[in-house]
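Chains as they are written, first to last, in UniProt numbering: chain A, 1 to 231; chain B, 1 to 231; chain C, 1 to 231; chain D, 1 to 231.
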C-alpha cells in the first residue's frame with residue numbers, strides 16, 4: 001500500500017537520500033561550535049532533499065552535545081513537519097522560503113556569529129577589503145532588512161538581498177547571518193568564512209581606515225577561486 | 001529516631017532531590033569554562049531544593065577540574081552550611097538573598113565573564129540591539145549598584161534591579177554578572193547568553209553607533225521566544 | 001662519601017622535595033596554554049626549593065607538548081645550572097634575582113599574555129576597576145621599567161616595582177608580565193588573573209571612561225579575600 | 001632502469017627525505033588551527049627537499065581533519081606537480097618563487113591569521129613595540145605590495161619585501177602573511193609569533209599611543225635571541 005500524500009510519497013521514494021542528509025546535516029552542526037559561530041543552542045543548518053519538496057533541518061532548542069541524525073526533522077518547503085520526533089528549528093520558515101525562491105540552493109545556514117552579527121547590528125555591509133573575501137564572496141557582504149520571525153518576512157529579506165549579488169551570505173539587520181550554497185556544506189563554509197572576514201575587517205578598521213580592493217581585482221580573484229581552487 | 005532540626009528534616013525528606021541537584025549543579029559548572037565565562041576558580045552556580053529552605057551551591061575556591069557532586073554543599077537560605085565537606089562559595093549570601101526574595105527563582109549563577117563585566121565596570125546597561133537579546137532578555141540588561149561582599153548588599157542590589165524587568169541577568173556595577181532562572185540550567189543559559197550579547201553589542205559599537213531595536217519589536221520577539229521556542 | 005659542594009649537599013638533602021617540585025612545576029606549565037597566556041614556547045614558571053639556595057625552573061625553548069618533570073632544571077639563586085639535561089629558561093636570571101631579594105617568594109611566573117602585555121607596551125598600569133582585581137591585586141597592577149635581558153636589570157626592576165605594593169604582578173614595560181607568590185601555584189594564579197583583569201578593563205575602556213573603585217572599598221575587598229576566600 | 005627525467009631522479013635519490021618531509025609538513029599543519037591562524041581550509045606550509053629542485057606542499061582545499069602525509073604533494077620549484085594524488089595548494093607559485101630566489105629558505109608558510117591580516121588590510125607594518133617582537137623579527141614586520149594570485153607577482157613581492165630586513169614575516173597588502181625559515185618548523189614558528197605580536201600591538205594601540213622600542217635595544221635583543229635562546 002502506497003501513500004496518497006505526495007510528500008509522504010517523495011519521502012518514501014527518496015528514503016536513502018533523506019537518511020544520508022540527516023547524517024550530513026547533523027555532522028555539519030559540529031562545525032558551528034568548532035568555529036565559534038554559535039552560543040548555547042543558537043544556529044541551524046538545513047539541506048534540501050534534491051528533486052523533492054522536502055528539506056532536512058535541525059530541531060528547535062536542542063543542545064549541540066546531544067544532537068543525533070535521528071533528531072533531524074524533515075519538513076516541506078513551507079516549513080511544515082513531515083517526519084521527525086521534534087519541532088523544527090524556529091527559523092524553518094526562513095529556510096523554506098529560500099528553497100522555494102532559489103531553486104539552485106541546496107543548503108541554508110543561520111547563525112548569530114559575533115563579528116558578523118556586530119556588522120548586522122549597525123546595519124553595515126562588510127566591505128571587501130581582503131583577498132579571502134573577494135575569493136568567497138566576490139564583493140561586500142550585504143545587509144538585508146530588519147524582519148520579525150513568524151512569517152515569510154525574513155525569507156523575503158534574504159532572497160531580495162541576495163539577488164544580483166555574488167555573496168552567498170547576507171547580514172540580516174539587527175539579527176544575524178544567513179548563508180546559502182549548492183550544498184549544506186557550501187553554506188556552512190560561507191558562514192565560517194563570513195565570520196572570519198567580518199572579524200578581520202573589523203579589527204583592521206579599529207586601527208585606521210581600510211579601503212576596498214579595486215573592483216577589477218575582486219572580479220579576477222572571485223572568478224579564479226570559483227573555478228580553480230580545491231580538488 | 002528523626003531529627004528535631006527542621007532543616008535536617010527537610011534534608012532527610014528530600015534526600016533524592018538533593019543528590020540529583022548535587023549532580024546537576026556540578027555538571028552545569030562545566031558550562032562555565034566551556035563558554036569562557038570563568039577564570040581559575042571564579043564563578044558559581046546554585047539551585048534551590050524545591051519545597052524546602054535549602055539550596056545546593058559550589059564550594060569556595062575549588063578548581064573546575066576537581067569538582068565532584070560530593071563537593072557541592074547544602075546551605076539554608078541564609079547561607080549557613082547544612083551539609084558538606086567544604087565552605088560554601090563566598091557569594092553564597094547573595095544567592096541566598098535572591099532565593100528568599102524571589103520564590104519563583106530555582107537557580108542562580110554568578111560570573112565575571114569578560115564582556116559583561118566590562119559593561120559592569122562602566123556601569124552601563126547593554127542596550128537591546130539584536131534579536132537574540134530581545135528573545136532572551138526582553139530588553140536591556142540592567143546595571144545594579146556597586147555593593148560589597150559580606151552581607152545582604154549584593155543580594156538586595158540584584159533583587160531591586162531585577163524588579164520590574166524582564167531580564168534574568170543583572171550587571172552588578174564594578175563587579176560582574178548575576179543571573180536567575182526557574183532552574184539552575186535556565187540561569188546558566190542566561191549567563192551564557194548575557195556574555196554573548198554583551199560581546200556582540202560591544203563589538204558592534206566599536207564600529208559605530210548602534211541603535212536599540214524598536215520597543216514593539218522587542219516585545220513581539222520576547223513573547224514569541226518565551227512561548228514558542230524549544231521542544 | 002658526601003659532596004663537599006654546598007649546593008650539591010643541599011640537593012642531596014632535599015632530593016624528595018626537588019623531585020616533588022619538578023613534578024609540580026611541570027604540571028603547572030599546563031595552565032599557561034590552557035588560559036591562553038603563552039604562544040609557542042614563551043612563558044616560564046619556577047619554584048624555590050624551601051630552605052635551600054636552589055630553584056626548579058623550565059628549560060629554555062622546549063615545547064609545552066613535550067615537557068616532562070625530568071626536563072625541569074635545578075639552578076642556584078644566581079641562575080647557574082646545578083642539575084639538569086637542558087639549559088635553563090633564558091629568564092632564569094630574573095627569577096633568581098627575585099628569590100634572592102624576596103625571601104617570602106616561593107614561586108615566580110613570566111608570560112607575554114596578550115592583554116597584560118598590551119598595557120605593558122604602553123607603559124600603563126591596569127587601574128583597579130573591578131572587584132576581582134581588588135581581591136587578587138589589592139589595587140592597580142603596576143608597571144616596571146624597560147630592562148634588557150642578560151643581567152640583573154629585569155630582576156631589579158621587578159623587585160623595585162613590587163616594593164610597597166600589594167600586587168603580586170608587575171608589567172615590565174615593553175616586555176610582559178612577572179608574578180610572584182608564596183608558591184608556584186599562587187604565582188600562576190596571579191598570572192592567570194592578571195591577564196583576566198587586563199582584558200576586562202581593556203574592553204571596558206574601549207566603550208567609555210572607567211573609574212577606579214574607591215580606595216576604601218579596594219582595601220575592604222582585598223583584606224576579606226586574602227583572609228576568607230577558599231578552603 | 002633509472003628515470004631520465006632529472007626531477008624523477010632527484011625524487012628517487014631523496015626518497016627517504018621526501019617521505020620524512022611529507023610526515024613533517026603534514027604534522028606542522030596541526031599547528032595552524034591550534035594557534036588560530038587558519039579558517040576552514042585556508043593556510044599552507046611547504047618544505048624544500050634539501051639539495052634538490054623539489055618541495056613538499058599541502059594540497060589545495062583539503063580539510064585539516066582529513067590531511068595525511070600521503071596527501072602532501074611534491075612539486076618542482078616552478079610549482080609543477082611531480083608526485084601526488086592531489087592538486088597542490090593554490091599558493092604553490094608563491095612558495096616556489098621564494099625557494100628559487102632565496103636559497104637559504106627551507107620552509108614557507110602562508111596564513112590569513114586575523115590580527116596580522118588586519119594590519120595587512122590597512123597596509124601598515126607592525127611596529128616593533130615589545131621585546132618578543134625584537135627577539136623574533138628584529139624590527140617591524142614589513143608590508144609587501146598588493147599582488148594577484150596566478151603568476152610570480154606574490155612571490156616577487158615577498159622576496160622584494162624581505163630583502164634587507166631581519167623579519168622572516170611579510171604582510172602582503174590586502175591579503176595575509178607569508179613567513180620563511182631555515183626549516184618548515186621555523187617558518188611555522190614565525191607565523192605563530194607574527195599573529196601573536198600583531199595581536200598584542202593592536203590591543204596596545206587601542207588603548208593609546210605605543211612607541212617603538214629604541215633601535216639599539218631591538219638590535220641587542222635580536223642578536224641575543226638568535227644566538228643564545230633555546231637548547
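Even glycine gets a Cβ: it sits at the ideal position worked out from N, Cα and C.
The model shown is predicted, which means the values in this text are computed figures rather than measured ones.
Residue 51/D sits close to residue 14/D, with the two beta carbons spaced by under 9 Å. The beta carbon of residue 32/D does not come within 9 Å of any beta carbon belonging to chain C, so the residue lies off that interface.
Secondary structure at residue 219/A: helix, using DSSP grouped into helix, strand and coil.
Taking 8 Å as the cut-off between beta carbons, the residues of the stretch 106–124 of chain D near chain A are 112, 114, 115, 117, 118, 119, 120, 121, 122, 124, in sequence order. Taking the Cα positions, residue 63/C is about 14 Å away from residue 27/C. Sequence-ordered contacts of the stretch 32–46 of chain B with chain A read 35 [C-beta pairs closer than 8 Å]. Sequence-distant partners of residue 137/A (beyond 5 residues in either direction) whose C-beta falls short of 6 Å from its own C-beta, in its chain, are 167. DSSP lists 57/C, 108/C as the beta-bridge partner residues of residue 46/C. Its Cα nearest to that of residue 109/D, the residue 45/D stands out among 171/D, 116/D, 45/D, 88/D.
Contact fails between the stretch 73–86 of chain A and the stretch 124–143 of chain A, because fewer than three Cβ pairs, one in each stretch, are under 8 Å apart. Take residue 221/D, set aside five residues on each side of it, and the residues of its chain with a beta-carbon closer than 6 Å to its own are 131, 134, 135, in chain order. Cα atoms of residue 174/D and residue 145/D: separation of roughly 9 Å, rounded to the nearest angstrom.
Rounded to whole angstroms, residue 79/B and residue 156/B show a C-alpha spacing of 14 Å. A buried status is given to residue 48/A, since no fewer than 16 other beta-carbon atoms sit within 10 Å of its beta-carbon. Between residue 65/C and the set 164/C, 29/C, 105/C, 7/C, the nearest pair of CA atoms involves 29/C. Contact between residue 172/B and residue 158/B is confirmed by a C-beta separation of about 7 Å, below the 8 Å threshold. When Cβ-Cβ separations below 9 Å define contact, residue 146/D makes contact with chain A.
DSSP, reduced to helix, strand and coil, places residue 146/B outside both helices and strands of the structure shown, so it counts as coil. For residue 208/B, at least one C-beta of chain A is nearer than 9 Å to its own C-beta. Residues of the stretch 59–73 of chain D with a Cβ closer than 8 Å to any Cβ of chain A, in chain order: 59, 60, 61, 62. Secondary structure at residue 211/B: coil, using DSSP grouped into helix, strand and coil. Bounds of the alpha helix (DSSP H) holding residue 155/A are 153–162. For the pair residue 202/C and residue 204/D, the Cα-to-Cα distance works out to about 9 Å.
Within chain A, no residue has its beta carbon less than 7 Å from that of residue 226/B; the closest one is some 12 Å off. Here residue 10/A is buried. Its C-beta has 16 or more other C-beta atoms within 10 Å. As the crow flies, the alpha-carbon of residue 162/C is around 41 Å from that of residue 162/D.
For residue 93/C, no Cβ of chain B is located within less than 9 Å of the residue's own Cβ. Excluding the 5 residues flanking it on each side, residue 218/A has same chain C-beta neighbours closer than 7 Å at 128, 134, 138, 139, in chain order. The Cβ of residue 149/C sits no closer than 9 Å to any Cβ of chain B. Going by C-alpha positions, residue 18/A is about 7 Å away from residue 56/A. Within 10 angstroms of the beta-carbon of residue 93/B lie 16 or more other beta-carbons, which makes it buried. Among the residues of chain C, those whose CB is under 7 Å from the CB of residue 189/D are 40, following chain order. The C-beta of residue 153/B comes no closer than 9 Å to any C-beta of chain C. Counting along the chain, residue 133/D sits inside the alpha helix (DSSP H) bounded by residues 131–137. Here residue 172/D carries a strand assignment [DSSP, helix/strand/coil]. DSSP, read as helix, strand or coil, puts residue 33/A in helix.
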